[in-house]
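Everything below concerns the one structure shown next.
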Amino acid sequence: MATLKAPVGPADHTFGDQHAPVILVEYGDYECPHCGHAHPIVKAVRKHFGKQLLFVYRHFPLTQIHPLAEPAAETAEFAGANGKFWEMHDAIFENQPSLSLPLLAELAEALGLSSGEAVSSLESHEFEPKVRNAFLGGVRSGVNGTPTFFINGQRYQGMYEFEDLVEAIDAELLASEKHRRAG
Amino acid sequence: MSTVLAAGTPAPDFTLPVTPDQNLSLRELRGQPVVLAFYPADWSPVCGDQMALYNEILPEFQKYKAEVLGISVDGVWCHAAFAKHQHLHFPLLADFEPKGAVAKKYGAYRDHDGVCERALFVIDEEGVIFWSYCSPIAVNPGADGILEALENLKKKRQSHGDLESSRRAS
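Here the protein sequences come in this chain order: A and B.
Just so you know, we're using our numbering here: the first sequence kicks off at 233 and counts up by one.
Just so you know, we're using our numbering here: the second sequence kicks off at 18 and counts up by one.
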């Protein structure tokens, strides 16, 4: 089974407790409708597990079929550099049906960031290497489309509905609990 | 699933249409690694389509000077429309007439379905299969296997080169 080749590190955007027993990594594309579908589900899963789950989001834009996926990912990175990654991440997915370059600038403005700086970061491709790096890490880990999830480093092959993800994470929690007791 | 040609086998040569008025022969690509990706059909209705993925990874393949060729039983006009729609920047070969003849030579044809397997081959500079893999038909095999094979091929060439130069030096 495919495993995560790029370990979770300081370059990652993480949400939750750094010492959580389960790490859920998602490779996603902001213009992919399946990722848009998964977004509120993942949020509900995060809420459900609270401190027991660390969530990591990594970019996997398929730029040739989703022309706005790359600028959206770079805008999220721009917001991240200003401490607002998750706010932008949510805003982009919540506005996915009307995604456009002007909308990305508007979202930056709405989060109290400079839309001018957001636009110029896109023009200078400031965050392109970071996005590309995430993408290539995904390729090396066998990511072949989006969304792709890894639970504690193992590729998750199931459906990404709430119940399915909760069940898989519960199983992992149980396994880590047993491991901890045995150790 | 079919049994695809294994590593170490000379890659069967072929000449196939690549556009409505151009053919491509495998032997023309001697001297560089070739990634030959058989797939069932153009227009598969998924986001993470296999060809779309390879399209994104082209710059990585180019680092190994590798040429990527997609191949299916679809005709040239179908390929042309698909490549345009998906903005593909690598050639798609039409194994169309006689249908699937090249796929059959590589052990990558599904008789019952009349389409190619999702079978991958990395062919070395001398035209010998260096790595091959056949994925379940519904599973996009990704690109990690191809990149690993290209890396291993490069390492093999380098160590071989080192051996040659140390021989010459002694």
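Think of the CB as a built atom: it goes at the ideal place given N, C-alpha and C, for glycine as much as any other residue.
Within the 9 Å Cβ cut-off, does residue i reach chain B?
| i | result |
| --- | --- |
| A/Asn376 | yes |
| A/Lys237 | yes |
| A/Val371 | yes |
| A/Leu368 | yes |
| A/Gln328 | no |
| A/Gln296 | yes |
| A/Ala305 | no |
| A/Ala234 | yes |
Any C-beta of chain A sitting closer than 9 Å to the C-beta of residue i?
| i | result |
| --- | --- |
| B/Asn157 | yes |
| B/Ile154 | no |
| B/Asp30 | no |
| B/Asp141 | no |
| B/Gly134 | This sequence places Glu at residue 134 of chain B; Gly is not what is there. Closer than 9 Å: no. |
| B/His177 | no |
| B/Asp161 | yes |
| B/His96 | no |
| B/Ala69 | yes |
| B/Asn72 | yes |
| B/Leu13 | Residue numbering for chain B in the displayed model covers 18 to 187; residue 13 of chain B lies beyond these limits and cannot be assessed. |
| B/Glu45 | no |
| B/Asp66 | yes |
Looking at the structure shown, is residue i part of a helix, part of a strand, or coil, going by DSSP?
| i | result |
| --- | --- |
| A/Val398 | helix |
| B/Asn40 | strand |
| B/Ala136 | strand |
| B/Gly162 | helix |
| B/Trp60 | coil |
| A/His245 | strand |
| A/Ser346 | coil |
| B/Ile154 | coil |
| B/Ala54 | strand |
| A/Phe382 | strand |
| B/Pro27 | strand |
| B/Tyr81 | coil |
| B/Arg47 | coil |
Consider the C-beta atom of residue i and the heavy atoms of the ligand ADP; say whether any pair is separated by less than 8 Å.
| i | result |
| --- | --- |
| A/Ala270 | Ligands are entirely absent from the displayed structure, and the ligand ADP is therefore not among its contents. |
Could you tell me if residue i is buried or exposed, where buried requires 16 or more neighbouring beta carbons within 10 angstroms of its beta carbon?
| i | result |
| --- | --- |
| A/Asp261 | buried |
| B/Gly87 | buried |
| A/Arg412 | exposed |
| B/His106 | exposed |
| B/Gln67 | buried |
| A/Asn376 | buried |
| A/Ala342 | exposed |
| B/Trp148 | buried |
| B/Val156 | exposed |
| B/Asp59 | buried |
Contact defined as beta carbons within less than 8 Å: I believe residue i pairs with residue j. What is the distance between those atoms, to the nearest angstrom?
| i | j | result |
| --- | --- | --- |
| A/Glu399 | A/Ile273 | Between A/Ile273 and A/Glu399 the Cβ distance is about 13 Å, and since that is not below 8 Å, they are no contact. |
| B/Phe113 | B/Asp91 | 7 Å |
| B/Leu137 | B/Pro158 | 6 Å |
| A/Glu404 | A/Asn384 | 6 Å |
| A/Val288 | A/Val257 | 4 Å |
| A/Leu286 | A/Thr246 | 6 Å |
Return the bridge partner residues of residue i from the DSSP annotation.
| i | result |
| --- | --- |
| A/Arg290 | A/Tyr259 |
| A/Cys267 | None, per the DSSP bridge assignment. |
| B/Ser89 | B/Ala111 |
| A/Val254 | A/Leu285 |
| B/Pro34 | B/Asn40 |
| B/Trp127 | It is worth fixing the name first, because residue 127 of chain B is Arg in this sequence and not Trp. B/Val132, per the DSSP bridge assignment. |
| B/Ile146 | B/Ile140 |
| A/Thr235 | A/Gln386 |
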